[in-house]
Amino acid sequence: MRTRFIWLFNRFDFPRLLILVLLVSPSFIVGAQQVDSAMVRPKVGLVLSGGGAKGFAHIGVIKVLEEVGIRPDIITGTSMGSIIGSLYALGYTAEELTVINETADWNYLLTDNEVLQKVAMEEKPESRKYIFDIPIREKKINLPSGVIQGQHLELKFAELFWPLSSQENFDSLPIPFHCMAVDVVSGKVIEHRSGDLAKAVRSSMAIPTVFAPVRMDSMLLVDGGVMRNFPVQEAIDMGADIIIGVYVGFSENITADDLGSLTSILSRSIALAGIVDARAQNENVDILITPDLGKYGSSDFVSGKEIQQLGEDAARQQYNQLKALADQLNRPFQSVQKIPQPEKILISGVKVENLQYLDDDYVINKSGIQKGDSVSFKDISNAIEYVHGSPYLSKLTYSLEKEDKDKGYVLVFYAIENPRAMFRFTPHYDDELGVGLVTNFTLRNIVLPSSRLLFTLDIAENPGLKIELNSLLGKKQHFANHFFMNSYRYKLPLYTDGDQLGHYRLSYFDTGYGIHYNPGLNHQLGINLYYKHNVVKPQPDLQNIYEQAAFEKHRTHDLGYEFFYRVNTTDDLYFPTRGINLKLFFAHNLASRSEMDELIPRMDFEYFISERKGAYATLMVDHNWYKSFGGFTYNFGVSAGLNTDDPGITGYFVLGGERFGNRKAYRNFAGFNLAEIYTPNYAMVRSNFRVQVLNGLYLSATVNGGVAGETYDDLFEEITDNPLPEYIWGYTAGVKYDSLIGPVQLLMAGNNQDNKTRFQLSVGFPF
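Given below as structure tokens:
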């Protein structure tokens, strides 16, 4: 009280001074001999409000405080204010905070979407594929508690706070720090004074409906801005005599016309109690800084640099007052001694919390971290990315529990399992295959332990069905049982010189079992045993025009095994900007048989599909390399497929089109329609340039060339004997868009075989 009296005297606040004199005069009489000890330097409290991205203004204010020579003795914060405040309390300087602001990938941190490199190989084809996800728990639809779980954000906090443990006393930090959250169970404001700092800060910014709330004991915590967005009183309770407050919450100069959207009404309604409370808190602030953020909103994280500058500008408008305070405090400015951040720490134990259906050993063994290991933050981060990339966990974070100094830390993983049942669906359109609705039902850890069952159906003009069951094996679960069944039915045109002769219907079915080995997230090799059955049925329009198609149906049966090796280090399934995608495939058909049902049996008549028997082998390699520079992405690809004998038309490679999703035997070949070229052997090269003109909108151009042959000897002769202009060449050019409903493309295509122009349109995620 006495130190605050001295500050008020120097500010010539006589009414408040008179009241304080009356209140403290008895103590002056009693404690006259102690006046020297009472005249200590007042403590400065820095209070940082919430405001989402507008909280970057706090960094600009801190920069000016350092410039005038003020280092706060106490910091309190809410939401974004808790992030900036906690980092400054740990010893990060304004310059270091600026670097974090300018280099952090907020588009990544504020989502749960993993880049493709961090997704397990068996999950890559299923990632970013559906518009609607409906989790099912306890036989009921159970929608998520927030759009964002906060996986990436919490790992970023853990990196910045490394290696604070879950038993920290926040008053013992280089600058004492408290942050605010609200328990939606009890309705109480929660002031975090100790515990896991990363978890405390994460709960302080858990905006309802945007971020999932944070469970802590029996509490369910959300953003402190709901009730206490400007924690001034908490700073005073911590012992602050002088309050410097930075408020970037809702503007007071707001009218009904400013609340014309659903989101603005909802966000203000959620924070209304905090807005009213902030007005009362303002009364206890000695120096209030309110940056004029104008057009910037709470979600403008990409404008962090500009917002920070506006915070600095606002602080400079009160520079004289801040400098006068610094002079009055009369203390040389000294940067906070940053908490020690050792490169590695000793792990004295590993635990897992919150698992219901998976065993703890699944996480521990897969992480590769054991008792006695010395690990860095990067080691833990890589382990989490590897385990989280599997199909079974929607979130995986960690904390450290400090043991005796010589014993190190207990590593505690916090896991949230994916729903055991998930229903997903997405519509799609392709001008060659028509309209469809892809529906998926996924079961995890129900059929078998550590298993995933996919049941995917394309309800479409050209329908398809895919069933997969993966069950992990081994201590570290790098191996997996793989059961599969695929079926689809395509109605496709038969072409000659770019013209359609008519249509045929291809019905395909395969099933089998394999063992797959995953040495990492981006590599997979394995062996499959399979049975395949194909039926080709010419349609009446083809039978009437093309005499060689005058048969009822052609059936094939194949039994064999296949080896494969896949590498995929690209960063996106549809619009990769870097990495490689390699597929090596060898199949040995041990028994192959075909048969034909004729419309009118004829002797020595040559059909366009011939019957065959016997074994044959297939080898295919497909490699794509991606590299970005500036706004451009370049893709170079090579692909080849060989057969040791005539496999029959259902064993041919199918070339043509430029689609986002293709089956094994189907290969993109720009300049032609889907399935325009059938060949038992081929080789091709591909070059694509893509430039981003707007967010998610690209201009794309592709050129490819290749050769085809009836036998692999014919293929090699085509490659070596023919000049390049006589190869098969094709191109596409057009626009592609990475939309919320999936990839969209509109392309113009042509080739050197028929000089006809084609147009290709597709919308949505492929089957």
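When you read off a place in the sequence shown, starting at 1, and then add 12, the result is the number in our numbering. Don't be surprised by glycine CBs; every beta carbon is placed ideally from N, CA and C. Keep in mind it's a predicted model, so treat the numbers as computed, not measured.
Excluding sequence positions up to five before and after Tyr-543, its CB lies within less than 8 Å of the CB of Asp-522, Thr-523, Gly-524, His-569, Asp-570 and Leu-571, all in the same chain and listed in chain order.
Secondary structure at His-400: helix, using DSSP grouped into helix, strand and coil. Excluding sequence positions up to five before and after Ile-428, its CB lies within less than 6 Å of the CB of Ser-406 and Lys-407, all in the same chain and listed in chain order. For Trp-741, DSSP records a beta bridge to Gly-717.
Taken through DSSP and simplified to helix, strand or coil, Glu-413 comes out as strand. Straight through space, the alpha carbons of Val-73 and Pro-188 are spaced by roughly 19 Å.
Between the segment 642 to 652 and the segment 622 to 629, the count of Cβ pairs shorter than 8 Å is below three; the stretches do not touch. With 16 or more other Cβ atoms inside 10 Å of its own Cβ, Arg-702 counts as buried. Ile-87 is the residue among Lys-75, Gly-236, Gly-446 and Ile-87 whose C-alpha sits nearest the C-alpha of Gly-257. Comparing alpha carbon positions, the residue from Met-231, Val-705, Glu-365 and Leu-533 closest to Tyr-398 is Leu-533. Residue pairing from DSSP places His-545 in a beta bridge opposite Phe-521 and His-569. Contact annotation: Ser-388 and Lys-356 have beta-carbon atoms nearer than 8 Å. Straight-line spacing of the CA atoms in Leu-541 and Tyr-573 works out to 4 Å. The segment 709 to 720 makes contact with the segment 733 to 750: 3 or more CB pairs, one atom from each, lie closer than 8 Å.
Met-250 places its beta carbon 8 Å or farther from that of Asp-235. Under the three-state reduction of DSSP, Pro-137 is assigned to helix.
With fewer than 16 other CB atoms across the displayed protein chains lying within 10 angstroms of its CB, Tyr-331 is exposed.
Judged by DSSP secondary structure, Gln-757 falls within the beta strand (DSSP E) whose first and last residues are 754 to 763. The straight-line gap separating the alpha-carbon atoms of Gly-660 and Ala-603 is approximately 13 Å. In this structure, Leu-709 places its C-beta atom within 8 Å of the C-beta atom of Tyr-749. Ranked by Cα distance from Ile-471, the options Gly-446, Lys-595, Lys-130 and Ser-640 are led by Gly-446. Ile-219 carries a coil assignment under DSSP once its states are collapsed to helix, strand and coil. With 16 or more other CB atoms across the displayed protein chains lying within 10 angstroms of its CB, Lys-55 is buried. Here the segment 107 to 115 does not lie against the segment 364 to 371, with fewer than 3 beta-carbon pairs under 8 Å apart. Here the C-alpha atom of Ile-376 lies approximately 8 Å from the C-alpha atom of Gln-382. With contact defined as three or more Cβ pairs closer than 8 Å, the segment 760 to 772 and the segment 502 to 514 are in contact. Partner residues in the beta bridge of Met-228, as assigned by DSSP, are Met-231. Three or more Cβ pairs closer than 8 Å define a contact, and the segment 412 to 423 falls short of that threshold against the segment 432 to 452. Excluding residues up to 5 positions away in sequence, Ile-86, Ala-247, Ala-252 and Ile-255 lie with their Cβ nearer than 6 Å to the Cβ of Gly-57 in the same chain. The DSSP assignment places 299 to 301 and 357 to 365 as complete runs of the beta strand (DSSP E) inside the segment 291 to 369, in order along the chain (cut-off: 3 residues). One thing to note: Asp-312 has its Cβ no nearer than 8 Å to the Cβ of Ala-116.
In this structure, Leu-334 places its C-beta atom within 8 Å of the C-beta atom of Ile-82. Boundaries of the beta strand (DSSP E) harbouring Met-434: 433 to 442, taken from the DSSP string.
DSSP places Asn-556 in the uninterrupted alpha helix (DSSP H) bounded by 552 to 557. A direct Cα-to-Cα measurement between Pro-692 and Asn-655 gives close to 6 Å. Here Arg-456 really is in contact with Arg-432; their C-beta atoms are around 5 Å apart, less than 8 Å.
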